[in-house]
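Inspection log for the structure reproduced underneath, given as structure tokens.
Number of protein chains: 2
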Amino acid sequence: MSSVPGPVDPAHLRAVLDGPWARVRDAHRAHLDERFLPVYGETGDQARERISRLLGELPVELGIGGGFPTEYGGAADVGASIVAIEMLAQVDLSLMVKAGVQWGLFGGAVAALGTRRHHDAYLRDIVSGELFGCFAMTETGHGSDVQQLRTTCVYDPATQTFDLHTPHEAARKDYIGNAARDGRMAVVFAQLVIDGRRHGVHAWLVPIRDERGDPLPGVTIGDAGPKAGLLGVDNGRLSFDHVTVPRDMLLDRYAQVAADGTYSSPIENDSRRFFTMLGTLVRGRVSVGGAASAATKAALTIAVRYGDIRRQFGTPDAEREVLLNDYLAHQRKLLPALATTYALTFAQAELVTALSDVQGGDGPVDEHRQRELESRAAGLKAAQTWHATRTIQMCREACGGAGYLAENRLPSLKADTDVFTTFEGDNTVLLQLVAKGLLTGHRDEFGSLDGWGRASFVAEQVRDMVLERTAARALIERLVSAVPGRDEEVAVTDRGWQLTVFEDRERHRLDGAVRRLRNGAATKKDHPFDIFNDVQDHVLAVAAAHIDRVTLEAFVAGIDATADPAARALLSRVCDLYALGVIEADKGWLLEHGRLTPARAKAITGVVNGLLKELRPHMRTLVDGFAIPDAWLHCAILREEPDRQESMAAHDATS
Amino acid sequence: MSSVPGPVDPAHLRAVLDGPWARVRDAHRAHLDERFLPVYGETGDQARERISRLLGELPVELGIGGGFPTEYGGAADVGASIVAIEMLAQVDLSLMVKAGVQWGLFGGAVAALGTRRHHDAYLRDIVSGELFGCFAMTETGHGSDVQQLRTTCVYDPATQTFDLHTPHEAARKDYIGNAARDGRMAVVFAQLVIDGRRHGVHAWLVPIRDERGDPLPGVTIGDAGPKAGLLGVDNGRLSFDHVTVPRDMLLDRYAQVAADGTYSSPIENDSRRFFTMLGTLVRGRVSVGGAASAATKAALTIAVRYGDIRRQFGTPDAEREVLLNDYLAHQRKLLPALATTYALTFAQAELVTALSDVQGGDGPVDEHRQRELESRAAGLKAAQTWHATRTIQMCREACGGAGYLAENRLPSLKADTDVFTTFEGDNTVLLQLVAKGLLTGHRDEFGSLDGWGRASFVAEQVRDMVLERTAARALIERLVSAVPGRDEEVAVTDRGWQLTVFEDRERHRLDGAVRRLRNGAATKKDHPFDIFNDVQDHVLAVAAAHIDRVTLEAFVAGIDATADPAARALLSRVCDLYALGVIEADKGWLLEHGRLTPARAKAITGVVNGLLKELRPHMRTLVDGFAIPDAWLHCAILREEPDRQESMAAHDATS
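Following this line, the structure appears as structure tokens:
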């Protein structure tokens with residue numbers, strides 16, 4: 004347990020956090036000036052107009068379409084495109100979401116699901132922002148279970164066209180970004196039907212507006228109306244009344260329909276094909292997770308800096324009132340959230356690198372790695388967006404009434420990120436996806452959740468799990484194997500012990516879930532839904548424990564890669580706080596299962612409080628490590644420094 | 004452990020929940036029609052204009068100024084005025100806050116701190132809404148520690164006037180409701196200075212605008228600008244540049260200044276006098292807690308009803324997709340929140356009754372009961388507002404993307420209530436107030452927190468605590484004493500056992516805090532701030548445990564007072580879920596301290612899941628018991644019933 008040796012230069016933290024795409028981050032910091040900052044108190048129309056305009060004015064230095072092939076104006080750098088979205092999120096979340104819809108969802112779908120003729124015809128205009136588009140998947144009736152979308156697209160060999168149709172209100176496309184105002188085309192997901200036979204969900208590229216911006220015949224466009232946040236994003240609703248779509252507008256990378264209506268696909272199983280198609284779109288989830296963390300960093304920077312200037316209540320032993328950050332209760336709010344933010348940043352960086360490795364090349368994608376990537380993306384999206392929701396809320400409260408005023412940024416950070424726990428996959432559904440991957444060891448297709456209910460499926464697929472270490476494998480093996488057998492002999496700040504607790508908790512929970520699912524499959528054959536549903540809380544806890552372990556391992560690897568000794572020592576203490584925070588929060592389970600003795604559990608609370616005291620002087624350094632430009636914080640209470648005048652007056656008043 | 008015998012008529016629940024002021028609730032349900040509902044997507048100016056207008060149009064049947072004496076147009080019924088605020092909160096939170104500022108804070112201060120000449124001159128116009136006013140206490144620099152306000156009011160015997168002055172920017176009045184647009188007068192809190200001597204904070208009634216609505220000379224009025232929510236409330240900033248205030252505008256119930264400048268007060272100690280003055284304003288805190296619970300009920304009603312029509316994912320054993328409310332994970336979100344809402348409703352009802360008893364009469368106020376009331380109000384305000392923030396957030400997420408659209412009400416419920424954890428006392432500060440009351444047994448004056456730091460103070464004042472039972476004393480004694488000595492012999496659903504755990508947890512935590520504070524006082528004499536700060540987390544946990552116990556006791560008393568056997572049985576199961584939910588959430592501490600065996604802790608998780616299954620069929624009944632008129636929910640997804648068309652289509656699609 005080495006303590007932090009004096010002040011740490013935030014530049015060293017910044018270097019570690021910025022990671023391999025530091026260049027992209029710096030370009031954003033340099034080129035996104037005041038023009039791009041949020042405007043507080045706008046109407047919805049004003050916000051939409053401004054954000055649409057700004058999207059066209061994004062400096063070329065940002066390389067915003069960086070994820071696309073170079074021949075269409077991109078840089079063939081997936082990682083850069085994700086990092087760009089993270090950076091936009093710190094400036095304005097409407098701008099980030101709007102860019103995410105255009106270049107991530109819409110452009111990404113055309114690139115990933117289309118073939119050369121679609122790319123040649125549209126990608127250049129999509130990358131340049133000439134052609135705005137929508138990603139029309141979600142329907143009013145189906146958001147999580149997108150395999151069950153109700154929009155139909157029926158092929159007619161006679162005309163060699165598709166008939167795209169919305170059969171009822173619940174089948175209308177809903178919440179679609181870019182639909183209400185700016186989208187000229189949409190990637191529309193619908194059930195493909197040929198000669199009365201259903202082939203599952205496919206995607207078509209469909210024009211929805213003419214040059215003047217009016218809806219095309221047969222297309223009804225509605226407005227989702229005012230929202231909690233993201234006022235600058237024009238979410239809308241799309242319905243199709245027997246709209247004719249030419250045969251070549253099917254995005255046909257994974258399935259083709261010949262002129263005579265012959266259907267062919269390299270992937271026979273409908274469900275498997277659909278989830279393969281979805282898998283190519285994983286970067287949307289990675290972006291949202293990263294953006295959530297980016298917004299969390301902005302909120303924490305505001306709250307920590309405010310807590311370092313705001314004073315309240317005097318004490319007999321000091322001339323001035325006490326800084327908020329000096330209160331233990333305030334530290335208990337801010338510092339663990341800060342530690343978790345660091346942890347998730349390392350996990351996100353590892354995920355972006357994995358994404359870049361798996362999907363960045365031209366060659367075929369390794370299926371095992373792709374499944375692992377999807378699981379990791381789902382889990383970290385859930386972890387980062389829930390962490391954002393909780394942390395930004397806490398920062399709002401930590402800034403008191405000032406945190407409720409728009410001019411101090413926190414209200415928009417909160418309202419704009421609020422939907423992140425829902426879009427790109429509802430978090431609870433995503434955790435189930437993670438759990439399913441763990442239970443079936445990534446071997447099997449990702450089906451919809453109905454598969455869970457089949458007793459035979461459960462009995463066959465659920466298997467004992469092999470923990471796959473994620474990052475810095477050798478280092479972590481070494482740390483874990485160095486832990487003595489008896490807990491009493493090792494400090495709770497021993498990294499190997501912490502890693503062991505995280506691993507052990509995941510494995511034990513997983514084993515328990517496997518056992519309960521097998522028992523259920525044997526005893527509840529007549530109520531297949533109950534087999535899964537009765538253990539749903541347990542299964543979600545497995546996923547949560549898994550994400551925690553992956554995150555801790557990423558943090559450990561990140562510290563290992565930190566060159567500066569002081570920064571390394573500081574990060575190591577922050578990692579202690581993260582690990583012990585997770586353990587403290589879940590000590591009920593650990594005690595219940597004999598993983599922790601009562602004495603050790605009590606000791607942890609003391610150690611955590613000690614860590615808070617030790618990290619108190621580094622709070623500002625830790626947020627400075629995020630390297631958010633001052634102007635981007637766009638926060639009145641940080642500009643005013645209210646306590647300068649105040650402190651002078653306080654002295655008068657008490658003298 | 005008696006199970007619920009079939010369906011329960013929500014009217015029986017409603018009767019219990021409506022309580023003694025059912026008449027007031029019914030008047031609001033009958034007379035607040037569509038005109039008073041929120042308008043989604045308004046600009047700030049539109050919202051302010053509308054809310055101001057509506058305030059003048061509130062039907063007389065509501066008896067909105069009910070808390071004031073009959074001679075000024077009120078009904079001398081404090082309880083009715085609190086319940087009225089709760090009801091307004093379900094309709095529109097801006098309307099509720101604006102009414103709360105006018106009749107609760109502003110009018111309440113004039114009534115409680117002023118004397119007959121102020122009452123005769125102003126109360127009638129305040130009650131009728133002719134005279135709008137502000138409650139100008141909070142300053143930019145001081146919100147929690149209002150004893151340290153910096154605004155000064157200096158008496159000059161020569162002119163027999165006061166000079167009201169804002170010495171610097173941090174002393175301006177901030178976040179003041181009614182200030183930016185409508186307020187004609189303000190109750191201004193400032194430091195009274197006579198002949199160079201400070202007498203502490205007092206209040207004056209000060210005109211701020213002329214008849215035309217322009218600021219009076221020397222008064223600068225600013226606008227707090229856009230906020231996270233409460234758009235209809237015109238929060239502003241007030242600064243005074245040597246404004247002359249006539250001598251008789253001092254609200255002089257607790258302190259008088261004679262023409263020659265002689266100061267007199269029945270309460271000698273400045274601090275004690277100030278907290279006595281604040282104590283008369285306790286009803287503001289009671290209102291905010293009640294309003295938070297009222298909004299929580301609206302959010303839960305929406306989420307539960309949506310979960311009963313929204314389906315997602317199919318199963319092999321059912322024709323239709325699964326209702327959200329049938330998923331264990333969804334029940335784990337909604338039902339414990341619903342149980343806590345019931346618990347807090349009973350606690351709030353008891354608090355309103357106590358308030359009405361203590362402050363409702365004409366006679367002198369019993370000081371012990373007044374202190375207890377203040378502590379209870381502080382604790383339940385914190386509990387209810389944090390519960391609102393968490394629960395409304397959860398309901399938003401439980402409704403998915405629909406929960407993010409303004410038309411479904413949840414965004415405004417969330418944004419509008421968000422500041423409730425801050426205003427009328429920051430929750431963390433309020434918990435400290437509760438803890439302080441417990442540690443000193445209500446014997447001593449409520450000083451500002453600086454007292455905590457004085458070693459001698461801690462050593463003298465902290466004492467062993469006597470648990471004071473709150474409600475249904477005899478019943479609770481009986482239940483507790485019936486518990487066998489050995490835990491293994493009693494079910495976790497035994498009410499006596501649950502009560503014992505809650506009591507025991509509070510007592511043990513309190514004893515520990517006392518011990519640690521005494522040790523600190525002995526060993527940290529040179530760092531008095533640390534004595535308190537090092538145990539701040541422990542002290543806050545004491546307060547939380549206390550509030551939990553008070554809440555459980557109120558629930559038990561409420562069940563005892565329920566006549567209908569089926570409703571009683573249902574409430575009893577809901578109470579089990581509340582009690583076991585608290586125990587489950589804190590099982591780490593209980594295991595650590597040997598209050599729970601590992602086997603019993605594990606069993607509780609199973610029992611909770613069993614309760615969820617048992618309560619599932621009653622979810623709708625439980626929200627119907629809140630008796631919120633359909634129109635008030637003002638929620639598109641409940642009107643559309645999207646699944647009717649959907650289910651028909653689903654049948655087609657799968658056939």
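Read top to bottom, the protein sequences are chains V and G.
The opening residue of the first sequence carries number 4 in my numbering; numbering runs sequentially from there.
The opening residue of the second sequence carries number 4 in my numbering; numbering runs sequentially from there.
For each residue, glycine too, the CB sits at the ideal point set by N, CA and C.
No experiment lies behind these values; they were computed from the predicted model shown.
Sub-8 Å separation of residue i and residue j beta-carbons
| i | j | result |
| --- | --- | --- |
| Ala352 (chain V) | Gly22 (chain V) | yes |
| Thr279 (chain G) | Leu116 (chain G) | no |
| Pro669 (chain V) | Met188 (chain V) | Any property of residue 669 (chain V) remains undetermined from this structure, which presents chain V solely from 4 to 658. |
| Leu331 (chain G) | Gln539 (chain V) | yes |
| Val190 (chain V) | Phe138 (chain V) | yes |
| Gln501 (chain V) | Ala582 (chain V) | yes |
| Phe71 (chain V) | Phe349 (chain V) | no |
| Arg286 (chain V) | Lys384 (chain V) | no |
Exposed unless 16 or more other CB atoms sit within 10 angstroms - verdict on residue i
| i | result |
| --- | --- |
| Asn272 (chain V) | exposed |
| Gly456 (chain V) | Note that Gly456 (chain V) scores a pLDDT of 46, beneath 50, so its modelled location is shaky; the value from the coordinates is reported in the next line. It is buried - the Cβ of Gly456 (chain V) has at least 16 other Cβ atoms within 10 Å. |
| Val222 (chain G) | buried |
| Pro339 (chain G) | buried |
| Lys528 (chain V) | exposed |
| Ala477 (chain V) | exposed |
| Asn522 (chain V) | exposed |
| Pro8 (chain G) | exposed |
| Val63 (chain G) | exposed |
| Gly110 (chain V) | buried |
| Thr526 (chain V) | exposed |
| Gly597 (chain G) | exposed |
| Pro531 (chain G) | buried |
Candidates the options, of which the one nearest residue i by Cα
| i | options | result |
| --- | --- | --- |
| Thr265 (chain G) | G:Thr279, G:Gly199, G:Lys230 and G:Gly225 | G:Gly199 |
| Thr247 (chain G) | G:Arg276, G:Ala161 and G:Thr424 | G:Ala161 |
| Leu234 (chain V) | G:Gly44, G:Leu167 and G:Ala475 | G:Gly44 |
| Arg552 (chain G) | G:Ile479, G:Phe71 and G:Gly70 | G:Ile479 |
| Thr554 (chain G) | G:Tyr330, G:Asn430 and G:Cys578 | G:Cys578 |
| Gly203 (chain G) | G:Arg240, G:Gly232, G:Ser274 and G:Leu134 | G:Ser274 |
| Asp159 (chain V) | V:Ala261, V:Leu134, V:Ser147 and V:Gly76 | V:Ala261 |
| Asn181 (chain G) | G:Gln334, G:Ile224 and G:Leu376 | G:Ile224 |
| Leu16 (chain V) | V:Thr608, V:Asp567 and V:Trp635 | V:Asp567 |
| Glu142 (chain V) | V:Ala114, V:Ala174, V:Gly111 and V:Phe135 | V:Ala174 |
| Val11 (chain G) | G:Leu583, G:Thr565, G:Ala639 and G:Leu636 | G:Thr565 |
| Pro41 (chain V) | V:Gln151, V:Ile640 and V:Leu636 | V:Leu636 |
| Ala124 (chain G) | G:Leu254, G:Gly66 and G:Arg212 | G:Leu254 |
| Ala391 (chain V) | V:Asn411, V:Gly406 and V:Lys417 | V:Lys417 |
| Ile166 (chain V) | V:Glu89, V:Ser97, V:Thr154 and V:Glu172 | It is worth fixing the name first, because residue 166 (chain V) is Asp in this sequence and not Ile. Considering only alpha carbons, the answer is V:Thr154. |
DSSP beta-bridge partners of residue i
| i | result |
| --- | --- |
| Ala189 (chain G) | G:Cys137 and G:Val209 |
| Pro218 (chain V) | V:Arg212 |
| Thr554 (chain G) | Beta-bridge pairing links Thr554 (chain G) to no other residue. |
| Ser378 (chain V) | According to DSSP, which records beta bridges pairwise, Ser378 (chain V) is partnered with nothing at all. |
| Pro249 (chain V) | V:Thr164 |
| Ser267 (chain V) | V:Gln259 |
For this session: Ignoring anything shorter than 3 residues or poking outside the region 127-175 of chain V, list the beta strand (DSSP E) runs there in chain order.
Result: 136-139, 155-159 and 164-168
Exercise. Which runs of the alpha helix (DSSP H) fall wholly inside the region 275-355 of chain V and span at least 4 residues, in chain order?
Worked result: 285-310
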